[in-house]
Structure formats: C-alpha cells, structure tokens
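The structure appears right after this line, and notes come after that.
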Amino acid sequence: MTIATTSTNTSLRSQSLERRRAAIREHMRRLGLDLVIAYGSGLHSFIHMNPAWYLSGFKQLGRHMAVLLPSDGDPVAIITPVWDLARARARSTVEDVYATDEENFMTLVNEQIDRRGWRQKRVGVSGGQGHPRVIADAWPSMFDAGVQDVDTIVSDTAKIRDEWSLDCTRRAVAIAEQGYDHLLETARPGMPEHEVAAELDVYMRELGAEDNFQLMSASMHNRGVHAPTKRILEVGDILLGEITPAVEGEYIQICRTAVLGKPSTLQLDKFALLDRCLRDGMRTAVPGTPVREVVAAINRPLDDAGYSQYTRPPYMRTRGHSMSLGSMEPEIAPDRDHVLFENEVFVMHPNQYIPETGYFMCGEPVIITTRGAQNLTSKMGTLDSIG
Amino acid sequence: MINMEPVLKRGYTAWDRGLLPIDEFTERVAAVKSEMQRAGLAAVLVWGGGLAMSTRETGDYPYVTGATGGGIIVITPEGDPSVVTAGGGREIPFQRTLTWINELTPGGGFVVGGAPVRKVLEARQVTSGTLGTVGAGGLPLSVYSQIEQTFDGYQLQPFDQVFRTLRDRKRPREVLAIRTALRIATDATAAAQQSFAAGASNARALVEAERSARMNRARDFRALANIETDGLAPYEGLSDDRRQPLALWVAVEYNGYWADTTLMWPIPDSGAETTRAIDAMVAAARPGAAARAVAQAGLSVLSEASAQNALMYGLGNGIGLALRDQPTISPTSDDVLTDGQVLSLRVAGLQSGKVALDSAIVQVTADGARRLVAR
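If you read the protein sequences in the order shown, they are chains A and B. Counting in the working numbering, the first sequence runs from 1 upward without gaps. Counting in the working numbering, the second sequence runs from 1001 upward without gaps.
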C-alpha cells in the first residue's frame, strides 16, 4: 500500500541534489561569491522555502541547520540536535555533517568557517521567509565583508523542477488522490469533521506522506474552509477538503468538494462554472505568460456570470501558488509580476464563494508545459457525492 | 524532546469553553495589564506564530486569546485586547469561534504587518510611548524590519520575560487542560502498544498512536520511536522493521495545552534504572531548586552510558502552552524552579545499546513535585 518511502531512487536523488548545488555555484560565479550559506529553521512550512533541506536532501529535526556551500570544494552541513547525527549522515547528500546543540549552533558554524579559512570570503546567505531575526542578524558579523541575501538564486533554481522534485511531487499526487478516494469511502453522515480529517490524514501517513497541510470542514453553505471541528456531518452538508501531502518536502495540493447526499442541479451547475474557470486558466498558462493573465482567464467566466465582486478579497486571495521545497514562485495572484516558466509546478485553484451555493473548492496540481498547464492528477476533481 | 513540527496543526480545532471559560482569560489579561502598568508601558503587543511566522510555539498568543492561530494581540490599558489576525477576512468567522476576543481585524496575509496594529493603537488613543513586545525576537528579519519602521514614534521594548513569568505558574484550569492532553497521549500509547503486541512494526505502532490521538481530539501530535534505529527517529514513511522493545515518545496538544508521555513495551527487565532516575528528579523538584540540581539527581542514578544518552536527548523542561517551555532541566541550566510550574521530566537511558524511556509530568508545589494524572 505504501506509495512513497524515504527514497525510491537514490541515484536520481543524489544526482539531482548534486545538480542543484552545481546550479547554485553557477549563480555564485556570476555574483562573485565564494560561499553560500543555506539556512533552515526547522519550521517546514509549505509556504516557506527550505534552503538547507533543498540543497542537502535532509529534513532537519532541530531548530537550526546550515549548509555551507563553497564555490570550490565540498559542502558542509551543520545540524541540531546531536542525537540526530546518524539520521543526518544517512539521509543527507552532503558527506561532511556535524551536529551540535541549539545553544552551540553558531559557535560550531564559526569554528567551521575559521577552520576552512572562509572568514574573508564573499558570502551569500539564503534563509528563506522564515529566517529568524536572531540568526539573520548574526551572519554579517561573522564575515569581514558582511553577507548578501541570496534567496533569489535558490528560488530561481528550485522553481524549475528537476527530476527528483518531480518524482517526489508525483508520489505526493498519488497519495493525495488515493487519500481522497479513501475519504469518499469512509466519510459518512454522523461522523464529526475531525474524525473524517483524522482518518484521511492517518491513511496518507500510511501511504508515505511525511507531512500534510490539511483543512477540512463542512457546512450547508460554506463561507470558506477551515480546520476540522466537532461538527457532525449530515445529509445536505458540503464537505470541503484542501489536501496537501508532502514527500521529501515537496507538497502538492488537491482541492475537493463533496456533497453528503445527492448534489442539486444548482450545485452541479456552479461547480461546472468553477471547472471551466480552472480549465481556462490551465489553457492560458503556457511558458512566458504573466500570472496576471492566468488570473484574468480564471476570473473571466465568473465575471461573465456576474460574480466579479466575489473574485476579490475577502472572498478570494490567490488563484494558486507554489509549495516547492526551494521556491514559493509562482503565486497566481493579480498583484504578482511573475512570468511562467516551463516545468514550474503549483496548485491552480479557482476556489470560490458563490452566493447561491456557498464556497466550493476546485483545484489541481499542475505543471507548466508548452501546451498549457497540465494536471498532475490522474483525473480532474468533480463535485462528488458521499453516502 | 526535540521533534519535527508539522506544517499545520491540522487536528480537532475548537474552543472547549467548559475547560477554559471566558473568565479564565479575563483574569489572565488583568494580570498582564497590571504588569504592563508597573513597567510603564503604553501597550503590549504579542506575536503569535501563523503559517509564515517563525515565532514558533511560545504559547504567548493562546495564553491571551485561547486560540492557537496567528496574528498580533494588542493589549491596551483600557478595553479588551484586540487581535490583528494572520489571514484575510474570509477566515474571520471561523476565528471568532475559537476566541473570546471580539475585536478581530484581518491582517490581510499570512504575515501580519505593523500598519493595522498601529491603526488599532491610534483608535485607542495610544499614539506614543513605549510598547512592550512579546515574541518579536523570533520574527523573521524582513518582518521585524518592517515592524520597526511602522512603529516610528513609539519605542519598542521586549516584555517577554515578564510575560513568561506570568505564564510560568500554571493556573488550576491550565493544569486541567494539561491533564486532558495527557489522557489523549496516554490513550495513544495504549493504541500503539496494542498494535505492536499484535505484530505491527514500530512505524505502524506510531501511526496507530497518531490515529488514536486525532480521533480523541488532539489538534497536534508529535512522536518519536525506535524506527529502524536503536535510538529515536521521526516517522518518515512506513517501515516493516520491528524492534523490541517498542520505545515511543508521544506528545499531544489539546486546546493549546501540551502533555507528553513515553512507552516501553514489552517492559524491559532493566527498566528500573530509568524509573529510578525519574523518581530522583521528581524528589528533587521543589520551589527554589536549581534546575541543574534536578538534572543531577536524575543523572546520579544512571550508568555512565545511560547518563550520556539521557543528556543527549534532554532531561525535560516546562510544559503547557508550549511543548518546550522554561525551565530547562539540564546540568548546565541556570533556571530555578518556581511554585506552580509544570514540568515534563524524561529519561532516555541506554540498556544493552538500545534507548530506554521513562517520563513523568509533575507540578512544582510547596510540598514538592506532584505527579499529574491523566484526566
């Protein structure tokens, strides 16, 4: 039953990780940098990039990890806590790994910098969106010439998915789809929301998901989706699921809607409208397209149907976003300047409040190709029926 | 115990009003205001970790709001607190069901900037003075820089220590909440034991513990077990590997409150050493005791190898609204125990080269440490 283990193709994994570091080194040469520090805070949020994990292949347990990548020579990883060293050495694609306690993390980093003669080097630091101030403030004083922020070079490398990233992504997609099928089989009137969510979550853990961002809630007229409560499911409820399992740090998301009982014609019609929005968006999303045009394509059928006011905050925030381990690009939002590249992967989701039916979820993980965005799922979501 | 923080605390999310009624929070806020006044502060701002924050789980935000979401709490001398929440207006109706605080303003994104907070302050006539900050030290650099600019004209002053001293002494209902979480955690280990006894692998037993905890209304669940190692490891996918005895550490959060417990099964004959160490730490824990003395008491009854292993994994810490709170029980800790603290004491010893666990949750009282029992 297990879809994903920790590593199904070690050669692909190690080769891809090596290529990532080579790509970063290319950027370093261009920028005149001698050393890049990729930091990880241990907060593995699906809306944060994880530079240290992305460049090492190791999901840290502790609150600090740094990968020190010189322009020439072997990288070094420093992790916390000490007792996780054996796992780090087994899982990381960086050979040279050291471990220490949280309190001594910066001391050990300093020792390694001295030992390797990096104090006078030109240095870039990538800490991602979750780079804690106390750590970020400490880097400049460690180097004679200070440091520069190089989140962009990690993000630019990671947003175009490599083979390993796509391998993990596809396994996560399979877990999400099987998980949702399991939900349709197990959810029944009389169950509280949190039990439905727990059953799904644990099932996906069994399939190999190492983590999962999951919102799941029901109402006869949803205003949005939220964390599960003690609400008892009953016929007439519309169950929403934002299901986001991760494999090796690559999150993927499917957005699904299911009616307890038989969907009404009105519900089917409104879901079909959102499905059209999604397909229009996917058709538009070819390489070179500004994300604003994708947003416009998604919103157009809604505008035509008279729902324009619901395509803006507070009803709608974004039409999609990346959940990549190393990059949060692209975000499919009207205020973003991003232009799509081939092999970018993200969830495209015209999740939408419709006044007649309430909030529906409709979204697929997609990959950008010259033929538009292709769904990574085996089938597009439909308005499903439970019980 | 150090563990992997999941991306979202995705379990049961509701306010247990019977356990934590509104007056519990108004009493807490009154205490904060009293300290705020004593420190001469115009207001206090408390950061809570949302999805995009790295303020972590300090427990400060739920102490005031009762909710475990993210945002910035504004506490002014007059009126109830106000919260600028992480997320948009769409989330507000659900967020209202989780807190007693009426004034919720959407921050507009996962990261809450300073501008809406400044508006709240100005609406409450707090236009200058010193603002106490709680949790700002853990903010990402980019967020903090923006906050500093926004509060031009005010002075920002850390208020963390005062605030956390208030949180240190657990109120009766907080102890009840911890005992409730302990019940869920204990039942989770029982489910794991049952699964393992029936022939399941160590990884599968951990998954069964999670299933039990989530079904029993845990919002968050963390676990480590001897999965493919004789030490402890996180779950990273199912494995058929079966190692006896099962060593499992489980932590559970319910309504913001954490408890943790351990399981060794079958109980090893040599388990008495870790139990003696826990007993020694419990006996040493009392108000005024140095945390390092408590640690030393536990270490003194362990073999050299066990002591080294136990030190590596840690001997314990405060627990409650945070899984890892102050004080830290360690031979190098400078912390001193105070009356009312709740401690998670743990020993990860070593028996025949394998990790051996034992634990206790205790409250420090004038009569010594009292073990908490599951509710």
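Built from N, CA and C at the ideal position, the CB exists for glycine as well.
Check your understanding: When you compare only the Cα positions, how much space is there between A/ALA297 and B/ARG1096?
Key -> One C-alpha to the other measures close to 34 angstroms.
Exercise for review: Alpha carbon to alpha carbon, how far is A/GLU364 from A/PRO301? Give it in angstroms, no decimals.
Suggested key: Going by the C-alpha atoms only, they are around 18 angstroms apart.
Point to revise | Interface partners of A/GLU206 on chain C, CB under 7 angstroms | key: Note that chain C does not occur in the displayed structure, where the protein chains are A and B.
Check your understanding: Under a Cβ-count criterion, where at least 16 other Cβ atoms within 10 Å of its own Cβ denotes burial, should A/GLY241 be classed as buried or exposed?
Key -> buried
Point to revise | Uninterrupted alpha helix (DSSP H) stretches inside the segment 1040–1093 of chain B (no shorter than 4 residues) | key: 1060–1065
**Study point:** Cβ-heavy atom distance, A/GLU293 to the ligand HEM, below 7 angstroms
**Key:** With respect to the ligand HEM, the structure offers nothing, as it holds no ligand at all.
Check your understanding: Using DSSP with H/G/I as helix, E/B as strand and the rest coil, what is A/CYS168?
Key -> helix
**Study point:** Start and end residues, alpha helix (DSSP H) containing B/TYR1144
**Key:** 1141–1150
Point to revise | Segment limits, beta strand (DSSP E) that includes B/VAL1342 | key: 1342–1351
Review point. First and last residue of the alpha helix (DSSP H) that includes A/VAL259?
Key: Looking at the DSSP string, A/VAL259 is not in any alpha helix (DSSP H); the run it does join, the beta strand (DSSP E), is 254–260.
Review point. What whole-angstrom Cβ distance do A/ILE252 and A/MET316 have, given they're in contact under 8 angstroms?
Key: Not a contact, Cβ separation roughly 21 angstroms.
Review point. When the distance is taken between beta carbons, is B/THR1274 closer than 8 angstroms to B/ASP1358?
Key: Yes, Cβ-Cβ distance for B/ASP1358 and B/THR1274 is below 8 angstroms.
**Study point:** Span separating the alpha-carbon of A/ILE232 from that of A/GLU193
**Key:** 6 angstroms
Point to revise | Beta-carbon gap between B/LEU1098 and B/GLY1066 smaller than 8 angstroms | key: Yes; because the gap between Cβ atoms is below 8 angstroms, this pair is in contact.
**Study point:** Contacts that A/GLU195 makes with chain B (C-beta to C-beta distance below 7 angstroms)
**Key:** MET1215
Review point. Quick one: does A/THR186 have its CB under 8 angstroms from some CB of chain B?
Key: no
Exercise for review: With 8 angstroms as the threshold, decide whether the Cβ of A/LEU12 is near any Cβ in chain B.
Suggested key: no
Check your understanding: At a cut of 8 angstroms, does the segment 1284–1300 of chain B reach the segment 1335–1350 of chain B through at least three beta carbon pairs?
Key -> yes
Point to revise | Beta-carbon neighbours of B/GLU1091, restricted to chain A and to distances below 8 angstroms | key: Here the neighbours are GLY224 and HIS226.
Check your understanding: So which residues of chain A does B/GLY1340 contact, with C-beta pairs closer than 8 angstroms?
Key -> Contact annotation for B/GLY1340 against chain A: no contact, minimum CB-CB distance about 26 angstroms [criterion: below 8 angstroms].
Review point. Is DSSP giving B/ARG1370 helix, strand or coil here?
Key: Reduced to three states, the DSSP call for B/ARG1370 is strand.
Practice item. For B/THR1365, I'd like the list of residues in its chain whose CB is within less than 6 angstroms of its CB, leaving aside the five on either flank, ordered along the chain. Key: If we look at B/THR1365 and ignore the five residues flanking it on each side, it has no Cβ neighbours.
Review point. Using CA coordinates, which residue listed in B/VAL1252, B/GLY1040 and B/VAL1175 is at the minimum distance from B/GLU1210?
Key: B/VAL1252
Review point. For a contact meaning CB atoms closer than 7 angstroms, what does A/ALA158 contact in chain B?
Key: In chain order: nothing, as chain B lies at least about 17 angstroms away.
Practice item. Give the range of the alpha helix (DSSP H) segment to which A/MET216 is assigned. Key: A/MET216 -> not in any alpha helix (DSSP H); beta strand (DSSP E) instead, spanning 211–219.
Point to revise | Outcome for B/GLN1155 when other beta-carbon atoms lying within 10 angstroms are tallied against a minimum of 16 | key: exposed
Point to revise | In DSSP terms, what B/GLN1155 is bridged to | key: For B/GLN1155, which the question treats as bridged, DSSP gives the partners B/THR1130.
Point to revise | Inter-residue Cα distance where the pair is A/ILE24 and B/GLN1157 | key: Roughly 40 angstroms between the two C-alpha positions.
Check your understanding: Looking at C-beta atoms only, is the number of pairs between the segment 33–44 of chain A and the segment 103–121 of chain A that lie closer than 8 angstroms three or more?
Key -> yes
Review point. By the 10 Å Cβ neighbour count, where 16 or more other Cβ atoms means buried, how is A/ARG389 classified, buried or exposed?
Key: Because chain A here runs from 1 to 387, residue 389 of chain A falls outside it and cannot be looked at.
Check your understanding: Closer than 8 angstroms, CB to CB, is A/LEU61 near chain B or not?
Key -> yes
Review point. Which stretch, first to last residue, makes up the alpha helix (DSSP H) that contains B/VAL1032?
Key: 1022–1038
Practice item. Compare the C-beta of B/MET1312 with all C-beta atoms of chain A and state if any pair is closer than 8 angstroms. Key: Cβ-Cβ to chain A under 8 angstroms: yes for B/MET1312.
Review point. How do the segment 246–261 of chain A and the segment 41–50 of chain A stand: do at least 3 beta-carbon pairs fall below 8 angstroms, yes or no?
Key: yes
Check your understanding: For A/ARG87, does the count of other Cβ atoms within 10 angstroms reach 16, so buried, or fall short, so exposed?
Key -> buried
Exercise for review: Measure from the alpha carbon of A/VAL67 to the alpha carbon of each residue in A/ALA52, A/PRO81 and A/LEU200, then state which is nearest.
Suggested key: A/ALA52
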